[in-house]
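Quick note: the sequence shown uses this note's numbering, first residue 342, plus one each step.
We put the beta carbon where it would ideally sit given N, CA and C, even for glycine.
Given the structure is predicted, the values throughout are model-derived calculations rather than measurements.
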Amino acid sequence: MRKIFGIASAMALVFALSGCAAATNSNPANSASSSSSANQTPDASLIPPAPDTNVKAVDASLYDTGYSEYLFRAGNGPAWCTINADQKWVLCEQNEATAQYKPVAVPSTCDGSYGYQIKLWESTPADGTDTAGFVCASGLYNDGSVAPALNAGEKVTVGGITCYVADTTVRCDNQNGQYIALGAQVWAAKN
(Lines of atoms letter the chains of each structure in order from A; the text may use other names.)
(Lines give C-alpha, C1' and ligand atoms only; values in the text may rest on other atoms or scores of the structure.)
Protein backbone atom coordinates (compact mmCIF):
# COMPACT_ATOMS: atom_id res chain seq x y z
CA MET A 342 0.00 0.00 0.00
CA ARG A 343 2.85 2.34 0.88
CA LYS A 344 4.44 1.68 -2.53
CA ILE A 345 1.20 2.54 -4.38
CA PHE A 346 0.83 5.75 -2.34
CA GLY A 347 4.44 6.72 -3.17
CA ILE A 348 3.95 6.08 -6.89
CA ALA A 349 0.64 7.98 -6.90
CA SER A 350 2.27 10.91 -5.06
CA ALA A 351 5.19 10.99 -7.49
CA MET A 352 2.82 10.89 -10.49
CA ALA A 353 0.71 13.68 -9.01
CA LEU A 354 3.84 15.80 -8.49
CA VAL A 355 5.05 15.15 -12.06
CA PHE A 356 1.58 15.96 -13.43
CA ALA A 357 1.37 19.16 -11.38
CA LEU A 358 4.83 20.31 -12.46
CA SER A 359 4.13 19.51 -16.11
CA GLY A 360 0.99 21.63 -15.87
CA CYS A 361 3.12 24.55 -14.70
CA ALA A 362 5.58 24.00 -17.53
CA ALA A 363 2.80 23.86 -20.09
CA ALA A 364 1.53 27.23 -18.92
CA THR A 365 4.94 28.85 -19.50
CA ASN A 366 5.36 30.55 -22.86
CA SER A 367 8.59 29.28 -24.40
CA ASN A 368 8.77 32.29 -26.73
CA PRO A 369 7.47 35.23 -24.67
CA ALA A 370 6.45 38.36 -26.49
CA ASN A 371 7.91 41.68 -25.48
CA SER A 372 5.53 43.05 -22.86
CA ALA A 373 6.55 46.65 -23.47
CA SER A 374 4.21 48.75 -25.54
CA SER A 375 5.43 49.72 -28.98
CA SER A 376 3.47 52.96 -29.04
CA SER A 377 5.41 56.19 -29.09
CA SER A 378 3.77 57.25 -25.82
CA ALA A 379 5.60 54.40 -24.07
CA ASN A 380 8.87 56.20 -24.77
CA GLN A 381 7.77 59.52 -23.33
CA THR A 382 9.13 60.51 -19.97
CA PRO A 383 6.59 59.80 -17.20
CA ASP A 384 5.97 63.41 -16.18
CA ALA A 385 7.77 66.31 -17.85
CA SER A 386 7.33 68.43 -14.71
CA LEU A 387 9.74 66.05 -12.93
CA ILE A 388 12.59 66.86 -15.34
CA PRO A 389 14.97 69.28 -13.64
CA PRO A 390 15.36 72.53 -15.61
CA ALA A 391 18.76 73.56 -16.90
CA PRO A 392 20.98 74.60 -13.99
CA ASP A 393 20.93 78.27 -13.10
CA THR A 394 23.70 80.43 -11.64
CA ASN A 395 22.83 79.36 -8.07
CA VAL A 396 24.02 75.81 -8.71
CA LYS A 397 27.38 75.31 -7.00
CA ALA A 398 30.22 74.10 -9.24
CA VAL A 399 32.18 71.21 -7.70
CA ASP A 400 35.75 70.24 -8.60
CA ALA A 401 35.58 67.31 -11.04
CA SER A 402 38.75 65.78 -9.57
CA LEU A 403 36.66 64.67 -6.56
CA TYR A 404 34.97 62.14 -8.88
CA ASP A 405 38.00 61.09 -10.96
CA THR A 406 38.38 57.28 -11.10
CA GLY A 407 41.84 57.54 -12.67
CA TYR A 408 40.79 56.18 -16.07
CA SER A 409 39.61 59.41 -17.75
CA GLU A 410 36.24 58.71 -16.14
CA TYR A 411 34.36 60.62 -13.47
CA LEU A 412 31.85 58.69 -11.37
CA PHE A 413 29.20 60.19 -9.08
CA ARG A 414 25.88 59.31 -7.48
CA ALA A 415 22.89 61.66 -7.72
CA GLY A 416 22.65 62.70 -4.06
CA ASN A 417 20.95 59.95 -2.04
CA GLY A 418 18.97 58.78 -5.07
CA PRO A 419 19.21 55.55 -7.02
CA ALA A 420 20.94 56.95 -10.12
CA TRP A 421 24.64 57.35 -10.78
CA CYS A 422 26.62 58.63 -13.76
CA THR A 423 29.97 58.14 -15.42
CA ILE A 424 31.46 60.90 -17.56
CA ASN A 425 34.06 59.58 -20.00
CA ALA A 426 36.46 62.43 -20.85
CA ASP A 427 38.26 60.56 -23.66
CA GLN A 428 35.20 59.36 -25.53
CA LYS A 429 33.20 62.50 -24.65
CA TRP A 430 29.97 61.04 -23.27
CA VAL A 431 28.10 60.58 -20.02
CA LEU A 432 26.17 57.45 -19.09
CA CYS A 433 23.64 57.59 -16.26
CA GLU A 434 22.15 54.39 -14.89
CA GLN A 435 20.16 52.82 -12.09
CA ASN A 436 19.05 49.35 -11.07
CA GLU A 437 15.81 48.22 -12.71
CA ALA A 438 14.20 47.63 -9.31
CA THR A 439 14.54 51.31 -8.34
CA ALA A 440 12.78 52.67 -11.42
CA GLN A 441 9.23 53.78 -10.65
CA TYR A 442 8.37 54.91 -14.17
CA LYS A 443 6.52 52.83 -16.76
CA PRO A 444 8.87 50.36 -18.50
CA VAL A 445 10.34 51.71 -21.71
CA ALA A 446 9.53 49.87 -24.95
CA VAL A 447 12.46 47.63 -25.84
CA PRO A 448 13.62 47.82 -29.46
CA SER A 449 13.61 44.53 -31.34
CA THR A 450 17.39 44.84 -31.76
CA CYS A 451 18.00 44.73 -27.98
CA ASP A 452 18.42 41.39 -26.24
CA GLY A 453 19.54 42.97 -22.97
CA SER A 454 18.21 45.41 -20.41
CA TYR A 455 16.67 48.61 -21.73
CA GLY A 456 15.37 51.75 -20.06
CA TYR A 457 17.83 51.96 -17.14
CA GLN A 458 20.98 53.32 -18.82
CA ILE A 459 20.80 56.58 -20.70
CA LYS A 460 23.68 58.21 -22.59
CA LEU A 461 24.52 61.71 -23.80
CA TRP A 462 27.35 62.51 -26.19
CA GLU A 463 29.18 65.84 -26.12
CA SER A 464 28.25 66.22 -29.81
CA THR A 465 26.45 64.15 -32.42
CA PRO A 466 28.30 60.85 -32.99
CA ALA A 467 30.01 60.39 -36.37
CA ASP A 468 27.79 57.39 -37.17
CA GLY A 469 24.70 59.62 -37.04
CA THR A 470 23.07 57.93 -34.05
CA ASP A 471 21.14 59.98 -31.54
CA THR A 472 23.14 62.25 -29.28
CA ALA A 473 20.92 61.36 -26.30
CA GLY A 474 19.00 58.18 -25.55
CA PHE A 475 18.76 54.81 -23.87
CA VAL A 476 21.30 52.09 -24.55
CA CYS A 477 20.83 48.34 -24.69
CA ALA A 478 22.86 46.95 -21.81
CA SER A 479 24.11 43.53 -20.79
CA GLY A 480 24.92 44.75 -17.27
CA LEU A 481 25.82 47.78 -15.24
CA TYR A 482 28.57 49.95 -16.69
CA ASN A 483 29.88 51.07 -13.31
CA ASP A 484 29.34 50.23 -9.65
CA GLY A 485 27.15 52.96 -8.19
CA SER A 486 27.65 51.73 -4.63
CA VAL A 487 31.19 53.14 -4.59
CA ALA A 488 30.31 56.44 -6.26
CA PRO A 489 30.73 59.60 -4.17
CA ALA A 490 27.64 61.82 -4.06
CA LEU A 491 27.09 64.92 -6.13
CA ASN A 492 24.57 66.61 -3.87
CA ALA A 493 21.41 68.48 -4.75
CA GLY A 494 22.24 71.97 -5.96
CA GLU A 495 25.71 70.98 -7.17
CA LYS A 496 27.12 70.52 -10.67
CA VAL A 497 30.24 69.01 -12.17
CA THR A 498 31.66 69.80 -15.62
CA VAL A 499 34.02 67.61 -17.63
CA GLY A 500 34.83 68.78 -21.14
CA GLY A 501 31.61 69.85 -22.82
CA ILE A 502 29.29 67.98 -20.44
CA THR A 503 27.77 69.43 -17.26
CA CYS A 504 25.76 67.30 -14.83
CA TYR A 505 23.86 68.53 -11.82
CA VAL A 506 21.50 67.12 -9.23
CA ALA A 507 18.04 68.41 -8.33
CA ASP A 508 16.75 66.51 -5.30
CA THR A 509 17.65 62.93 -6.30
CA THR A 510 17.41 63.30 -10.08
CA VAL A 511 20.45 63.95 -12.25
CA ARG A 512 20.43 66.03 -15.41
CA CYS A 513 23.38 66.20 -17.82
CA ASP A 514 23.63 68.78 -20.62
CA ASN A 515 26.02 69.23 -23.52
CA GLN A 516 26.89 72.61 -25.03
CA ASN A 517 24.39 72.12 -27.89
CA GLY A 518 21.32 72.20 -25.63
CA GLN A 519 20.83 68.43 -25.66
CA TYR A 520 20.38 66.63 -22.35
CA ILE A 521 19.46 63.52 -20.43
CA ALA A 522 17.86 63.13 -17.00
CA LEU A 523 17.41 60.10 -14.77
CA GLY A 524 15.88 59.46 -11.38
CA ALA A 525 13.57 56.97 -9.72
CA GLN A 526 10.44 58.58 -11.14
CA VAL A 527 11.62 60.21 -14.35
CA TRP A 528 13.88 59.98 -17.35
CA ALA A 529 14.35 62.31 -20.32
CA ALA A 530 16.42 62.50 -23.49
CA LYS A 531 16.43 65.61 -25.68
CA ASN A 532 18.18 65.39 -29.03
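What are the start and end residues of the beta strand (DSSP E) that includes Cys513?
-> Reading the sequence shown from its first residue, position 172 is the one you call residue 513. Counting along the chain, the beta strand (DSSP E) containing Cys513 begins and ends at 510-515.
C-beta atoms of Thr510 and Gly524 nearer than 8 Å = As a first step, residue 510 must be located in the sequence shown, where it is residue number 169. As a first step, residue 524 must be located in the sequence shown, where it is residue number 183. Yes, these two residues count as a Cβ contact at 8 Å.
Span separating the alpha-carbon of Val447 from that of Trp430 = Taking the first residue of the sequence shown as 1, we reach residue 447 at position 106. Taking the first residue of the sequence shown as 1, we reach residue 430 at position 89. Roughly 22 Å separates the two Cα atoms.
Could you have a look at Leu523 and say whether DSSP puts it in helix, strand or coil?
-> Locating residue 523 in the sequence shown gives position 182, counting from the first residue. In the structure shown, Leu523 sits in a strand (DSSP, three-state: E or B).
Identify the continuous beta strand (DSSP E) that holds Ala529 and give its terminal residues.
-> Locating residue 529 in the sequence shown gives position 188, where the first residue counts as 1. Taken as a continuous stretch (DSSP letters only), the beta strand (DSSP E) holding Ala529 covers 528-531.
Anyone know if the C-beta pair for Gly456 and Pro444 falls short of 8 Å?
-> In the sequence shown, residue 456 corresponds to position 115, counting from 1. In the sequence shown, residue 444 corresponds to position 103, counting from 1. Yes, these two residues count as a Cβ contact at 8 Å.
Which residues mark the beginning and the end of the beta strand (DSSP E) in which Lys429 is found?
-> Counted from its first residue, the sequence shown places residue 429 at position 88. Note, Lys429: premise wrong, no beta strand (DSSP E); not H, not E.
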